[in-house]
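A.B. asks: With the sequence shown counted from 1, adding 1219 to any position gets you the working numbering. Here a beta-carbon is modelled for each residue, glycine too, at the ideal position from N, C-alpha and C. After the structure tokens below, expect a handful of questions from me.
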Amino acid sequence: MSLSEDRARFLYGIPLAITGAVIIAYQLDANAPFGWLLPRYALGVGLLLLGSARVVAARWLPRKVVEYHDALSLAVVLALFLRTFCVQAFKIPSGSMEPTLLVGDHLLVNKMLYGIWLPGMDHPILTIREPQRGDIVVFRYPRDERRDFIKRLIGLPGDVIEIRDKVVYVNGKRLHEPYARWRDPAIYPRGSGSLAPRDNFGPYTVPPGHYFFMGDNRDNSHDSRFWGTATRKELIGKAMIIYLSCDPATHLPRLSRTGMITR
């Protein structure tokens, strides 16, 4: 290896290490649960360690070893970047979104569609489009941000939501919901207790910067009818595709569901 090549490879590791250190520093001030920050810490630590190791490798290891290190570093950093900012896998743990999503479905979620949040910022960056009514969204549960929920977006900021005898109205118009299912014929009237919001709710105006969610399995979903709305910053991403589905009873793959686009 020539002196110029050696120096170039040595300098290549320095920005990696600096970038990793900056990412870690940003997360220290982030107001979010550790589980949400963990991938970002991993990316920062990975870049820091790989950059530092790259500096050492370029100075004292044979060229072939350095080339293997470069390939591995690129693969690891790319995987961590995609996991942190672009796409993430989620598994459906409950039946609140049946029949659209079943227990045992494994999804890929687009985390870039609604933008990327950086610590200290009031708005996301690189937003592709705003959340739309009907999107199936993964978000952090407002009452316990260590937990992720997946529901259908029903109400946008400023919308007036009302439910009358299980029928959903948005801004006074009945919402067309071919995806929704009701499995309990009973209807709880207003004032009948904690289950009343399931079937009769509102009118309720969604606050600015907030979103109202409901599960497709309307009689068996813990959603905005009971705990309120989620903020823009709590949205993680939009469900895109089922890449794997396994029957929880038999543990066998449900091939007919693999590749389905979530709607």
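1) Go through its chain and collect everything with a Cβ distance to residue 1319's Cβ below 6 Å, but skip five positions before and after it.
2) Quick one, which of 1394, 1355, 1383 and 1432 has its alpha-carbon nearest residue 1415's?
3) Decide yes or no for the touch test of the segment 1360-1374 against the segment 1438-1457: beta carbon pairs closer than 8 Å, at least 3 of them.
4) Does the segment 1456-1467 come within contact of the segment 1321-1335, defined as at least 3 CB pairs closer than 8 Å?
5) Taking all protein chains shown into account, do 16 or more other C-beta atoms lie within 10 angstroms of the C-beta of residue 1253, making it buried, or fewer, making it exposed?
6) Three-state secondary structure (DSSP) at residue 1257?
7) Look at residue 1322 and residue 1426 and say whether their C-beta atoms are less than 7 Å apart.
8) Which value, in whole angstroms, describes the spacing of the CA atoms of residue 1349 and residue 1361?
9) Which runs of the beta strand (DSSP E), 3 residues or longer, sit entirely within the segment 1379-1467?
10) Note down the Cα distance separating residue 1469 from residue 1463, rounded to an integer number of angstroms.
11) Which whole-angstrom value describes the C-beta separation of residue 1309 and residue 1357, a residue pair presumed to lie in contact below a C-beta threshold of 8 Å?
12) Do the CB positions of residue 1444 and residue 1420 come within less than 7 Å of each other?
13) Nearest-angstrom Cα distance between residue 1221 and residue 1346?
14) What is the rounded straight-line gap between the Cα of residue 1475 and the Cα of residue 1465?
15) Taking residue 1307 as part of the beta strand (DSSP E), name the residues at either end of that continuous run.
16) Pick out whichever of 1374, 1417, 1306 and 1366 has its Cα sitting closest to the Cα of residue 1335.
17) To the nearest angstrom, how far is the alpha carbon of residue 1482 from that of residue 1316?
18) Pull the bridge partners of residue 1357 from the DSSP assignment, please.
19) Can you tell me the Cα-Cα spacing of residue 1439 and residue 1344, whole angstroms?
20) Could you give the residue range of the beta strand (DSSP E) that holds residue 1471?
C.D. replies: Checking against the coordinates, here is how it stands:
1) 1398 and 1435
2) Of the listed residues, the one whose Cα sits closest to residue 1415 is 1383.
3) yes
4) At 8 Å Cβ cutoff, the stretches touch.
5) Per-residue confidence for residue 1253 stands at a pLDDT of 43, beneath the threshold of 50, marking its modelled position as unreliable; no derived number is given.
6) Low confidence applies to residue 1257: its pLDDT is 48, below 50, so where it sits in the model is not reliable enough to give any reading.
7) Result no, Cβ atoms of residue 1322 and residue 1426 do not sit closer than 7 Å.
8) The straight-line gap from Cα to Cα measures roughly 20 Å.
9) The qualifying runs are 1379-1383, 1386-1389, 1420-1424, 1429-1433 and 1454-1464.
10) Residue 1469 and residue 1463 have their C-alpha atoms roughly 15 Å apart.
11) 6 Å
12) yes
13) With a pLDDT of 47 at residue 1221, under the threshold of 50, the modelled position of that residue is not reliable, and no figure is offered here.
14) 11 Å
15) 1306-1310
16) Among 1374, 1417, 1306 and 1366, the Cα nearest to that of residue 1335 belongs to 1306.
17) Between the alpha carbons of residue 1482 and residue 1316 lies a distance of about 11 Å.
18) Here residue 1357 is bridged, per DSSP, to 1369 and 1456.
19) It is roughly 35 Å from the alpha-carbon of residue 1439 to the alpha-carbon of residue 1344.
20) Unbroken run through residue 1471: none, as it is neither H nor E.
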